[in-house]
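Structure first, commentary second.
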Amino acid sequence: MANSATISYSNVMQTTVFPTKEQAILLDGIDGIPIKEYVKNILRLVPSENIRIVSRILGNRICMYLASKELAEKSVNENKTVKINEIPVRIRPLITQNKRIIISNVPPIIPHAFLVDVLKGHQAKVCYLNSKNAENDDDLTHDNNINTIDNPNVNDTSNNMQMDLTIPQTQIEQADRQTSNLNNKRPHSMTTTSSERQIDNISEDLETNLVKCEFKSPAQIDRSKHRKKLIKAASKDSDHQEKNSKDLELLRNIIETNPNRYKVSFLEFKNFIERTIGSRNISVLVNEFTTDAKHLASILEELYPYLTTRSMKNRFTRIKNLIKFDLTNTNFYDSLSNTSESEDN
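Structural data, given as structure tokens:
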């Protein structure tokens with residue numbers, strides 16, 4: 001039994017020729033008409049064996065790849081439109097071939113407006129490209145403001161467009177007075193006119209009355225950014241104080257309406273809470289405020305649910321924990337002192 005020939009990917013790629021973009025033509029798509037209708041109408045112009053791929057692409061367009069580039073160009077040039085269900089549709093290439101016109105040996109004194117008018121007369125669109133190859137050369141920087149398209153070959157005389165360019169003398173003199181935009185040096189073909197020399201002589205003899213003025217000290221560094229930060233920080237602190245004061249006012253109603261339960265003065269309690277801000281000796285402040293620290297801890301624990309700000313909640317928790325810690329240590333030392341006294345007896 002003969003071995004069947006294996007077909008690899010590389011063999012398929014070598015034997016198969018995929019169409020290029022130059023072989024494609026485009027047709028404007030019409031809503032509601034399937035691709036099959038486009039193919040049927042194109043078959044009147046192109047045989048079926050010469051159509052490779054047909055697909056719908058972006059912009060509601062129909063793209064067809066033909067057998068060769070020459071066939072695509074022939075289809076576009078000979079048949080500008082095709083009727084799809086009695087609707088004329090324009091045929092155009094996928095890749096538009098643009099033609100460039102190169103104008104060489106143009107001196108800088110000729111204004112661009114005259115060249116543009118001549119090109120418009122030949123129905124040619126102008127695309128300006130600035131030459132940047134002499135940007136760092138002082139002797140060639142005047143060429144930077146000359147608009148160029150390509151570097152032409154001097155020996156190539158094929159497809160040259162003949163044009164007659166007539167420029168009034170006044171325009172040449174006006175352009176001759178202008179210097180380069182990027183360099184003070186004059187272009188190679190520019191010469192100084194007599195009128196310009198006369199202006200230079202007048203400017204040398206011109207007397208000017210300059211007003212004397214003293215130099216001012218340099219401006220100081222703007223510190224507005226730092227001030228803004230300080231203002232923002234101050235505004236945040238003021239917001240916290242307002243929220244804390246609201247919490248204390250809420251506690252005031254609770255304390256004053258229950259004098260038997262909370263045996264403290266609200267003003268003294270408020271003063272005590274405010275003094276604990278940033279203090280490291282809270283135990284001393286507790287002893288100054290009351291002699292019954294256990295009762296104060298119970299008051300803080302009962303008033304805690306009425307608080308709304310995180311800072312006040314943290315402060316109440318901190319004071320309560322310190323009081324409990326001090327009470328635990330005090331009871332421990334008291335028990336030690338009692339045991340020592342009993343042993344002595």
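Numbers 1 to 345, taken from full-length UniProt numbering, label the letters of the sequence shown in order.
Where is the CB? At the ideal position from N, CA and C, for every residue including glycine.
Predicted, not measured: the structure shown is a model, and the values here were computed from it.
- Between the beta-carbon of leucine 303 and that of leucine 267 there is about 16 Å, and that puts the pair past the 8 Å contact cut.
- The beta carbons of methionine 64 and isoleucine 84 sit no closer together than 8 Å.
- The closest CA to that of isoleucine 62, considering only Pro107, Ile25, Lys120 and Leu322, is found on Ile25.
- Every alpha helix (DSSP H) stretch that sits fully inside the region 246-287 and reaches 4 residues is listed by chain position as 266-275.
- Of the residues assessed, tyrosine 9 falls on the exposed side of the cut-off, its CB having fewer than 16 other CB atoms within 10 angstroms.
- Excluding its 5 nearest sequence neighbours in each direction, leucine 300 has C-beta neighbours in its own chain below 7 Å: Phe316, Ile319 and Lys320, listed in chain order.
- Less than 8 Å divides the Cβ of proline 19 from the Cβ of arginine 52.
- Here the alpha carbon of asparagine 260 sits roughly 11 Å from the alpha carbon of isoleucine 254.
- In this structure lysine 74 does not touch glutamate 22 by the C-beta definition: roughly 13 Å separates them, more than the 8 Å allowed.
- Within the same chain, and ignoring the five residues on either side of isoleucine 91 in sequence, the residues whose Cβ sits closer than 7 Å to its Cβ are Ile25, Leu27, Ser75, Val76, Asn79, Lys80, Thr81 and Val82.
- Pairing leucine 322 with isoleucine 282 gives a Cβ-Cβ distance under 8 Å.
- Looking at the DSSP output, tyrosine 304 bridges to nothing.
- By a beta-carbon distance limit of 8 Å, threonine 291 does not contact leucine 285. Their separation comes to about 13 Å.
- When DSSP states are grouped into helix, strand and coil, leucine 58 belongs to the coil group.
- The beta carbons of isoleucine 102 and leucine 115 sit no closer together than 8 Å.
- From the listed residues Arg280, Lys294 and Val39, the smallest Cα separation to valine 89 is found for Val39.
- Nearest Cα to leucine 45 within the set Lys36, Ala72 and Asp31: Ala72.
- In the DSSP assignment, aspartate 28 falls within the beta strand (DSSP E) that extends over 24-28.
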